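Trainee:
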Amino acid sequence: MSNATATDNKKGGFLAGTANYLDERVGVAGILKEFGRKVFPDHWSFMLGEVALYSFLVLLLSGTFLTFWFQPSMVPVIYEGSYAPLKGAEMSIAYASTLDISFEIRGGLLFRQVHHWSALLFVAAAGLHMLRVFFTGAFRKPREINWVVGFVLFVLGMAGGFTGYSLPDDLLSGNGLRIIDGMIKGIPYIGAYTSSLLFGGEFPGEAIVARLYSLHIMIVPALILVFVAVHLFMVVIHKHTHYAGPGKRDDNVVGYPLMPVYVAKAGGFFFIVFGVIMLIAATFTINPIWAYGAYDPSPVSAGTQPDWYIGWLDGALRLAPTHMEYMIGDFTLSLNILIPLVVGILFLVIVALYPFLEAWVTGDKREHHVLDRPRNTPVRTGIGAAGITFYAVLWAGASTDLIATHFQVSLNHVLTSMQILLIVGPIAAYMITKRACLSLMRKDREIALHGRETGRVVRLPHGEYIEVHEPMDEYELYKLVGYKAYEPMLARPNAKGVITLRSRIRAVLSRFYFEDRVVPPTKGEIAAAHDHGKELH
Amino acid sequence: MSDKSKSLAKAEDAEHDYSAGLAVIAPDAVKDPGMEPHRVRMTDKSEAHEKRAARQVAALFLFSIVSSAFALYAYFAFPIVEGSNASVRDNTLLLGVGAAFGMLAIGVGAVHWAKTLMPDAEVSEARHQTRGSEETRARAIEIIDLANKESGFSRRKLIRRSLYGALAFFPLPGLIVFADLGPNPGDSLKHTMWKKGTRLTRDPDGKPIKASDVTIGSVFHVIPEGLAELEHHKLEEKAKAAVLLVRVDPSILKESAERKDWSYDGIVAYSKICTHVGCPVALYEQQTHHLLCPCHQSTFDLTDACRVVFGPAARPLPQLPIAVDAEGYLVAQDDFNEPVGPSFWERSVNE
Amino acid sequence: MTKQKLNNARRSPFAAILVILAGLLISGGGYAVASDAVDTTSVAATSQATVDAGKKLFLANCASCHGSNAEGTNMGPSLIGVGAASVDFQVGTGRMPGQNSGPQLMKKPVQFTEEQTAQLAAYVASLAPGPSIPSEEWVGEAALAAGDTMKGGELFRINCAMCHNAVGAGGALTEGKFAPRLEGVEAKHIYEAMVIGPQNMPVFNDANLTPEDKRDIISYLKYVEANPSAGGEELGGLGPVAEGLFVWIFVLGGIVVITIWLGAKSN
Numbered sequence: 194m195s196n197a198t199a200t201d202n203k204k205g206g207f208l209a210g211t212a213n214y215l216d217e218r219v220g221v222a223g224i225l226k227e228f229g230r231k232v233f234p235d236h237w238s239f240m241l242g243e244v245a246l247y248s249f250l251v252l253l254l255s256g257t258f259l260t261f262w263f264q265p266s267m268v269p270v271i272y273e274g275s276y277a278p279l280k281g282a283e284m285s286i287a288y289a290s291t292l293d294i295s296f297e298i299r300g301g302l303l304f305r306q307v308h309h310w311s312a313l314l315f316v317a318a319a320g321l322h323m324l325r326v327f328f329t330g331a332f333r334k335p336r337e338i339n340w341v342v343g344f345v346l347f348v349l350g351m352a353g354g355f356t357g358y359s360l361p362d363d364l365l366s367g368n369g370l371r372i373i374d375g376m377i378k379g380i381p382y383i384g385a386y387t388s389s390l391l392f393g394g395e396f397p398g399e400a401i402v403a404r405l406y407s408l409h410i411m412i413v414p415a416l417i418l419v420f421v422a423v424h425l426f427m428v429v430i431h432k433h434t435h436y437a438g439p440g441k442r443d444d445n446v447v448g449y450p451l452m453p454v455y456v457a458k459a460g461g462f463f464f465i466v467f468g469v470i471m472l473i474a475a476t477f478t479i480n481p482i483w484a485y486g487a488y489d490p491s492p493v494s495a496g497t498q499p500d501w502y503i504g505w506l507d508g509a510l511r512l513a514p515t516h517m518e519y520m521i522g523d524f525t526l527s528l529n530i531l532i533p534l535v536v537g538i539l540f541l542v543i544v545a546l547y548p549f550l551e552a553w554v555t556g557d558k559r560e561h562h563v564l565d566r567p568r569n570t571p572v573r574t575g576i577g578a579a580g581i582t583f584y585a586v587l588w589a590g591a592s593t594d595l596i597a598t599h600f601q602v603s604l605n606h607v608l609t610s611m612q613i614l615l616i617v618g619p620i621a622a623y624m625i626t627k628r629a630c631l632s633l634m635r636k637d638r639e640i641a642l643h644g645r646e647t648g649r650v651v652r653l654p655h656g657e658y659i660e661v662h663e664p665m666d667e668y669e670l671y672k673l674v675g676y677k678a679y680e681p682m683l684a685r686p687n688a689k690g691v692i693t694l695r696s697r698i699r700a701v702l703s704r705f706y707f708e709d710r711v712v713p714p715t716k717g718e719i720a721a722a723h724d725h726g727k728e729l730h
Numbered sequence: 025m026s027d028k029s030k031s032l033a034k035a036e037d038a039e040h041d042y043s044a045g046l047a048v049i050a051p052d053a054v055k056d057p058g059m060e061p062h063r064v065r066m067t068d069k070s071e072a073h074e075k076r077a078a079r080q081v082a083a084l085f086l087f088s089i090v091s092s093a094f095a096l097y098a099y100f101a102f103p104i105v106e107g108s109n110a111s112v113r114d115n116t117l118l119l120g121v122g123a124a125f126g127m128l129a130i131g132v133g134a135v136h137w138a139k140t141l142m143p144d145a146e147v148s149e150a151r152h153q154t155r156g157s158e159e160t161r162a163r164a165i166e167i168i169d170l171a172n173k174e175s176g177f178s179r180r181k182l183i184r185r186s187l188y189g190a191l192a193f194f195p196l197p198g199l200i201v202f203a204d205l206g207p208n209p210g211d212s213l214k215h216t217m218w219k220k221g222t223r224l225t226r227d228p229d230g231k232p233i234k235a236s237d238v239t240i241g242s243v244f245h246v247i248p249e250g251l252a253e254l255e256h257h258k259l260e261e262k263a264k265a266a267v268l269l270v271r272v273d274p275s276i277l278k279e280s281a282e283r284k285d286w287s288y289d290g291i292v293a294y295s296k297i298c299t300h301v302g303c304p305v306a307l308y309e310q311q312t313h314h315l316l317c318p319c320h321q322s323t324f325d326l327t328d329a330c331r332v333v334f335g336p337a338a339r340p341l342p343q344l345p346i347a348v349d350a351e352g353y354l355v356a357q358d359d360f361n362e363p364v365g366p367s368f369w370e371r372s373v374n375e
Numbered sequence: 073m074t075k076q077k078l079n080n081a082r083r084s085p086f087a088a089i090l091v092i093l094a095g096l097l098i099s100g101g102g103y104a105v106a107s108d109a110v111d112t113t114s115v116a117a118t119s120q121a122t123v124d125a126g127k128k129l130f131l132a133n134c135a136s137c138h139g140s141n142a143e144g145t146n147m148g149p150s151l152i153g154v155g156a157a158s159v160d161f162q163v164g165t166g167r168m169p170g171q172n173s174g175p176q177l178m179k180k181p182v183q184f185t186e187e188q189t190a191q192l193a194a195y196v197a198s199l200a201p202g203p204s205i206p207s208e209e210w211v212g213e214a215a216l217a218a219g220d221t222m223k224g225g226e227l228f229r230i231n232c233a234m235c236h237n238a239v240g241a242g243g244a245l246t247e248g249k250f251a252p253r254l255e256g257v258e259a260k261h262i263y264e265a266m267v268i269g270p271q272n273m274p275v276f277n278d279a280n281l282t283p284e285d286k287r288d289i290i291s292y293l294k295y296v297e298a299n300p301s302a303g304g305e306e307l308g309g310l311g312p313v314a315e316g317l318f319v320w321i322f323v324l325g326g327i328v329v330i331t332i333w334l335g336a337k338s339n
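Protein chains in written order, with this note's numbering: chain A, 194 to 730; chain B, 25 to 375; chain C, 73 to 339.
#1: Do we get a CB-CB distance below 8 Å when we pair B/Y353 with the residues of chain C?
#2: Starting from the C-beta of C/P181, find all residues in its chain whose C-beta is less than 6 Å away, skip the five residues before and the five after it, and write them out in chain order.
#3: According to DSSP, simplified to helix, strand and coil, what is B/T323?
#4: Using CA atoms only, rank isn't needed, just tell me which of C/Q183, C/S198 and C/P149 is closest to C/K127.
#5: Report the residue from A/G274, A/S285, A/Q306 and A/V428 whose alpha carbon sits nearest the alpha carbon of A/D293.
#6: Does DSSP put C/A109 in a helix, in a strand, or in coil?
#7: Taking a cut of 7 Å between CB atoms, which residues from the region 483 to 505 of chain A lie near chain C?
#8: State the CB to CB distance for the pair B/I346 and B/S280, rounded to an integer number of angstroms; the pair is presumed to be in contact (CB under 8 Å).
#9: Select from the region 535 to 568 of chain A all residues with a C-beta closer than 7 Å to any C-beta belonging to chain B, and list them in chain order.
#10: Quick one: is the Cβ of A/V701 within less than 7 Å of any heavy atom of the ligand ATP?
#11: Specify whether the region 243 to 255 of chain C and the region 599 to 612 of chain A touch according to this definition: at least 3 beta carbon pairs, one from each stretch, less than 8 Å apart.
#12: Counting only the same chain and skipping the five closest in sequence on each side, list residues whose C-beta sits under 8 Å from that of A/E518.
#13: What's the gap between the Cα of B/H215 and the Cα of B/L259?
#14: With a cut-off of 8 Å on the beta carbons, I'd call A/R638 and A/H662 a contact; round off their distance for me.
#15: Using DSSP with H/G/I as helix, E/B as strand and the rest coil, what is B/Y4?
#16: Grab me the residues of C/Q191's own chain with a C-beta within less than 7 Å of its C-beta, minus the 5 sequence neighbours each way, in chain order.
#17: Kindly list the residues whose CB is nearer than 7 Å to the CB of A/V536, restricted to its own chain and excluding five residues on each side of it in sequence; keep chain order.
#18: Please list, in chain order, the chain B residues whose beta carbon lies closer than 7 Å to that of C/F318.
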């Protein structure tokens with residue numbers, strides 16, 4: 194295709210003809226010249242963002258199908274469809290039309306399930322992708338802004354999921370909205386009015402489903418599309434990072450050309466992701482709305498939980514201590530709701546701003562395109578582990594009741610343990626992970642200096658037994674030692690001879706980050722160790 | 025990127041020496057040995073392997089056709105039969121599995137093709153600093169300066185400031201139109217359908233309940249009389265008025281003096297709407313007399329004015345004062361004396 | 073104590089009054105008032121031989137906790153007035169004889185034959201009036217087939233789902249107690265549980281849920297049981313938590329395995 198030019202038209206048949214036609218109208222040759230052989234590094238963990246992207250495409254496709262039948266109205270009707278245990282029941286049109294999609298339209302239930310499974314997968318893949326980016330330090334300069342864009346996409350994913358979860362107007366999602374209503378009411382001063390604005394009056398009202406529907410099918414996906422475009426645009430500008438290794442530097446990118454290898458792999462991967470979602474949707478039930486019944490404010494089902502990505506906020510609500518409500522004069526301050534909200538928001542803000550914090554502490558202004566091995570940045574990896582633990586405890590907090598019944602322990606003990614674990618868990622996770630990283634680095638250093646243990650024991654002429662260590666080839670060696678250590682910074686007086694608070698804080702943080710470190714061995718050290726080994730032999 | 029900018033970028037990379045911060049740049053660090061030598065695949069070495077791989081790829085694509093065709097067949101061959109759950113299940117399963125393998129086979133085939141038959145030697149491409157070259161940056165600044173000069177943006181203060189003002193004000197009409205999304209709640213959150221003499225009736229059919237119906241250990245899910253017949257706002261009223269009715273041994277009720285006559289012979293009625301975030305607190309444990317909210321596990325002691333004994337809720341559930349009318353039916357003495365459900369800022373403010 | 077002595081003691085008018093009073097006090101005196109369907113006069117219909125056989129079984133297996141006159145000890149409650157329904161439920165589901173003193177009695181393999189269970193039930197029923205075992209009219213297959221599953225579903229969600237979950241998958245209560253899974257539970261046991269309110273379950277007398285209501289609820293449960301989800305495997309009916317774990321472990325996990333294959337170099 195790339196050899197099709199404006200001059201040699203009519204040669205090479207249909208394909209060349211088409212290429213020529215397109216080039217003369219949209220300049221496709223230039224685009225191909227620029228991007229056709231762009232190099233993409235190949236690693237399994239680089240595909241996670243793609244999983245999220247493809248799930249989003251599946252969401253758009255399956256969601257469009259669903260909009261052809263779904264009616265976002267809360268006007269009550271009597272169900273006359275074919276699901277027997279609801280025949281004759283009063284319900285909203287939204288719920289009835291969702292039942293009709295499930296039980297009257299061939300492939301309707303399949304696509305509902307495709308849509309819901311891909312929603313769960315979208316947020317999960319985006320989350321895992323963020324963890325990959327975090328632990329490998331891919332958020333460092335010049336990618337800090339793209340980290341924030343990705344973070345916004347993750348939050349938009351949650352928003353899209355939440356607005357969709359509430360649409361069928363079944364008992365489960367209705368109780369979810371009830372909880373949102375309660376949380377909003379708990380916001381000081383504006384709570385009750387905000388809830389009224391959202392629901393168009395008192396809860397549940399007849400407006401919320403249509404309003405969430407507008408957000409769900411227009412604003413949220415449009416924003417996601419825009420941010421995906423920005424996210425990918427920046428990937429093109431920066432070019433993809435690559436893992437540390439021989440031949441991989443900050444001023445090159447090593448991998449496969451877009452055409453044909455990457456097109457085949459990534460294109461094929463889209464079909465694989467869609468195929469996997471389709472297979473799961475065909476075989477596993479998700480959100481069986483018919484089992485929950487129409488929304489009614491009086492009943493509730495045991496195991497009322499949000500979808501997984503909202504779970505951590507629900508868990509935060511559950512783990513709030515008892516009696517956290519205070520009166521300020523005549524006004525009620527619901528700290529049992531505010532604290533979880535604030536803690537949740539704070540956690541998100543820290544996640545969003547982490548790259549800037551770390552850049553300030555290291556003072557490193559260089560561009561980084563070679564990824565860190567997680568073990569080589571013990572404090573960052575420890576912080577990541579602490580963050581995962583914090584999130585995971587909140588998440589598990591949303592399923593205390595299921596944990597209690599499944600492991601036959603007391604619900605109350607589970608909740609109390611979670612409250613303790615929420616504080617203790619992240620600290621323990623940080624310390625254990627950091628220590629583990631440092632040990633791994635020491636082991637790497639040891640191997641770099643003395644070679645790999647072979648398990649072969651030989652007896653030397655003078656009677657000594659030693660294990661033979663096999664020296665490493667230069668490629669393997671570079672994988673172990675090709676990283677940079679950072680030194681803690683001391684608080685230094687500035688030009689005026691004053692040690693500012695800012696510099697003190699920075700020194701404390703710097704010490705926290707880099708006090709414990711393992712420096713990669715230099716050439717000289719390796720050579721010395723080698724000679725030493727020879728002497729011994 | 026043009027060739028010109030490429031050559032410029034080279035020079036500029038050397039030109040910009042960014043701070044390495046606290047990174048230790050050891051002069052004696054182990055040098056990058058360059059890319060590892062390429063390892064030759066079986067499909068590159070042996071024609072038999074190459075042919076087999078090609079056949080596998082083609083077979084996968086053919087299998088995809090068969091699967092997709094099967095999905096089409098399933099769409100017609102397994103229709104949905106009115107009232108038959110199993111038919112929906114079959115339709116979903118077979119249509120889905122066909123479509124799934126139709127896609128999986130394409131994907132696996134394409135990836136297999138790329139891995140075995142397309143070149144697998146990694147290539148290296150140059151990468152440049154993200155910042156523009158000095159020349160580009162100078163030109164950019166020049167353009168901004170020129171635009172500033174030509175428009176007089178910095179110079180004409182009045183224009184600039186009035187523009188800021190206009191930009192600050194123009195979104196306000198766009199925001200104010202959202203005020204009609206919902207009414208000011210006023211005191212609607214503070215009243216329910218319950219009033220003096222309203223009978224307690226069974227949820228959902230509205231059958232009135234006699235005191236003698238409520239035996240010890242039993243629990244009734246209650247709505248006010250007339251709710252089931254409401255034409256409008258049925259769910260809104262139900263969301264506030266739902267009540268749980270329980271009878272316990274009167275001797276274990278710890279009742280304050282003012283609430284002494286709110287119960288009837290051990291029968292007590294409490295709001296079912298959690299004071300935490302509003303889930304129905306519907307789980308009644310007959311032996312412990314505890315009410316548990318299934319959403320966030322707030323636990324209330326029914327015998328002690330529904331005091332919170334566990335979980336995130338802060339306030340007891342509001343109690344509905346009840347009595348018995350002449351015919352023996354349970355009736356409300358009055359509305360709740362406080363707003364039901366989740367707390368809000370002005371819940372204790374009296375208009 | 074001999075059998076003769078026991079019988080004598082029970083026949084004394086004073087004892088009878090005590091027994092009935094105790095029964096009413098402990099188990100909630102309202103059954104007799106409210107119940108239409110639960111036939112409290114069936115005591116008389118049972119033959120004395122069955123009652124005697126039941127008593128023998130009772131003395132051998134139950135008396136150590138419930139007292140030799142079923143009057144209750146500090147290890148087990150009085151069974152006077154609990155009725156045949158209670159015995160049929162507790163013994164028929166294997167909860168009785170109880171084993172350990174956990175937070176609640178667990179379902180176990182049934183210890184007695186149906187005949188023995190019936191004998192025990194007859195004996196306990198003979199002590200004082202109480203709810204009896206529901207008849208085929210309400211829990212027979214024909215009755216359940218005729219039940220209104222829509223109404224049953226609605227009543228189930230209002231009265232039962234908060235503990236037992238919307239599809240009867242069970243749920244947690246406080247301090248280690250739980251509402252059990254209802255799948256596979258016999259219709260008559262579900263009915264009995266509603267009538268007697270075993271352990272922490274509240275009582276649903278006939279004024280609250282009429283026998284028709286109870287039948288409809290059971291019809292709904294049996295419909296759900298007989299009609300597996302149209303969407304495929306159900307992941308235990310546990311809702312979003314199970315779905316979330318599934319998507320992380322199996323779907324994303326599976327896709328990660330595929331990406332590893334994708335990124336690995338071919339041989």
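Glycine included, every Cβ here is placed at the ideal spot set by N, Cα and C.
What you are looking at is a predicted structure, and each value in this text was computed from that prediction instead of being measured.
Mentor: Working from what's here:
#1: Chain C places no beta carbon closer than 8 Å to that of B/Y353, leaving this residue out of the contacts.
#2: G166
#3: strand
#4: Closest option to C/K127, Cα to Cα, is C/S198.
#5: Measuring from the Cα of A/D293, the nearest candidate turns out to be A/G274.
#6: The predicted model places C/A109 with a pLDDT of 45, which falls under 50 and marks its position as unreliable, so this point remains unresolved.
#7: A484, Y485, G486, S491, P492, V493, S494, A495, G496, Q498, P499, D500, W501 and G504
#8: Contact flag wrong, Cβ pair sits at about 16 Å.
#9: T555, G556, D557, K558, R559, E560 and H562
#10: As presented, the structure is devoid of all ligands, the ligand ATP included, so that no description of it is given.
#11: yes
#12: T525, L526, S527, L528 and N529
#13: 15 Å
#14: About 14 Å separates the two Cβ atoms, so there is no contact after all.
#15: Because chain B is modelled from 25 through 375, residue 4 of chain B falls outside the range shown and cannot be assessed.
#16: T122, A125, G126 and L129
#17: A509
#18: Neighbours of C/F318 on chain B: none; closest Cβ ~16 Å, over 7 Å.
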